[in-house]
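For reference, the structure discussed in these notes is given below.
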Amino acid sequence: MSSAEIAVQAFRKLEREDLRILHIIEAAMAKREFVPIEQIHKYAKVPLERVTYTIDKLDKLNLIYRKHGAYTGYTLNYTGYDCLAINALVKSEIITSFGQTLGVGKEADVYDALSPSGQRIAVKFHRLGRISFRQTRRKRGYIREHSSWLFQSHLAAEKEHQAMKLAYEKNVSVPQPLSQNRHVIAMGMIEGGELSRYKDIGDAKKVLREILRNLKKAYLKAHIIHADLSEYNLILQPDGHILIIDWPQAVKTDHKNAKELLERDLKNILTFFSRKFNLELSADEAYKYVIGEAKKLPL
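Following the working numbering, the numbering of the sequence shown begins with 1008 at its first residue and continues without gaps.
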């Protein structure tokens, strides 16, 4: 069972006071990794016995870590952090229930959910720290060495949500960004499969043109570059159109490495289409088209 599935089950068992203690631990973690019970008691403003009872409950539900040493301290784990984000999304009437897992990756889990109006949406939980620090730091330039993985996941979700909003507002084919809280993003439903899974995509030229048109709109209108594009974050939808997902590494077009990152995105996609569908287009021609120097593609 995944962390988010455990969190959904645990969330149903939480009462207002349980969530309050989780909030207090979260806030105190800004200054120290493990929060002493005395500090939790100070801000909870309820008898120590009730604080102790609540902490024991949270511990049994696997929402916190307990550390024994010079003092006994407590810190949130991902499941506890999930519960706080789920609570915020429920209270803001973004989600009412969770469904099946849509995808589990190295750095994020995505779930099917329902909005209060009955609309199916996707909920993405960022999970930085599953791969080594060096790998994560190399992939994501904004990672700071001494920050917790919870905070880094929060930062990744915030960054991705902002990029998706910029892209969506300019009609780039991305999931509709609905809300973001902590390390979680609620977005429009993602239907279809990764482009990498398909042996037959119909008219490959048409699909490639659509991808490049969207990258052009992202570059010229939203002024952003995906910066981690590949066949694994291009979704071929049931209607044959493309959806571009996974934007936490996006950069602005005035970024010092913008040209290099765009060229890498294009190289990844063109290499895939060449290898799998024998479709050839030079990286230089694609680059000039995306940045607006060429009006048409030789496809």
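Yeah, the Cβ is synthetic: ideal placement off N, Cα and C, and Gly gets one too.
Residue i, DSSP secondary structure in three states
i: Asp1253; result: coil
i: Leu1304; result: coil
i: Val1244; result: According to the sequence displayed, residue 1244 carries Gln and not Val. Gln1244: coil per DSSP, three-state reduction.
i: Phe1279; result: helix
i: Ile1128; result: strand
i: Lys1295; result: helix
i: Ser1154; result: Low per-residue confidence applies at Ser1154: pLDDT is 45, beneath 50, and the placement is therefore not dependable, though the value from the model is reported in the following sentence. Coil, per DSSP.
i: Ile1197; result: coil
i: Gly1209; result: coil
i: His1168; result: helix
i: Tyr1226; result: helix
i: Lys1177; result: coil
Contact under 9 Å by Cβ, residue i with residue j
i: Ile1242; j: Leu1236; result: no
i: Ala1295; j: Lys1224; result: Ala is not the amino acid found at residue 1295; the sequence shown has Lys there. Their beta carbons are not under 9 Å apart, which means Lys1295 does not touch Lys1224 by this criterion.
i: Val1297; j: Leu1219; result: yes
i: Ala1229; j: Ala1174; result: yes
i: Lys1172; j: Pro1184; result: yes
i: His1048; j: Phe1132; result: no
i: Leu1121; j: Thr1108; result: no
Reference residue i; option with closest CA among the options
i: Val1181; options: Gln1159, Ala1170, Lys1266 and Val1191; result: Ala1170
i: Met1036; options: Gly1080, Ile1013, Glu1056 and Ser1122; result: Gly1080
i: Glu1096; options: Leu1277, Ala1193, Pro1245 and Ile1197; result: The question names Glu, but residue 1096 in the sequence shown is Leu. Of the candidates Leu1277, Ala1193, Pro1245 and Ile1197, the one whose C-alpha sits nearest the C-alpha of Leu1096 is Ala1193.
i: Asn1221; options: Ala1115, Gly1200 and His1248; result: His1248
i: Leu1215; options: Glu1270, Leu1162, Arg1271 and Leu1286; result: Leu1286
i: Ala1011; options: His1048, Glu1300, Glu1270 and Val1111; result: Val1111
i: Arg1023; options: Ile1013, Leu1277, Asn1264 and Arg1057; result: Arg1057
i: Leu1029; options: Glu1045, Ile1013, Thr1082 and Tyr1078; result: Thr1082
Discussion item. Can you confirm whether the segment 1064 to 1079 touches the segment 1030 to 1044 when touching is taken to mean that 3 or more C-beta pairs between the two stretches lie within less than 8 Å?
Written reply: Yes, since at least three Cβ pairs between the segment 1030 to 1044 and the segment 1064 to 1079 fall closer than 8 Å, the two stretches touch.
Worksheet entry | Validate contact between the segment 1043 to 1057 and the segment 1082 to 1098 using beta carbons, cut 8 Å, 3 pairs | No: fewer than three Cβ pairs fall under 8 Å.
Item to complete: Mind listing, in chain order, the continuous alpha helix (DSSP H) runs of no fewer than 4 residues lying wholly within the segment 1010 to 1060?
Response: Those alpha helix (DSSP H) runs which fall completely within the segment 1010 to 1060 and span 4+ residues are 1010 to 1018, 1023 to 1035 and 1044 to 1051.
Worksheet entry | Validate contact between the segment 1194 to 1203 and the segment 1119 to 1128 using beta carbons, cut 8 Å, 3 pairs | Yes: at least three Cβ pairs fall under 8 Å.
Discussion item. Taking contact to mean 3 or more Cβ pairs, one atom from each stretch, closer than 8 Å, check whether the segment 1061 to 1068 and the segment 1016 to 1027 are in contact.
Written reply: Contact check between the segment 1061 to 1068 and the segment 1016 to 1027: three or more CB pairs, one atom from each, fall below 8 Å, which counts as touching.
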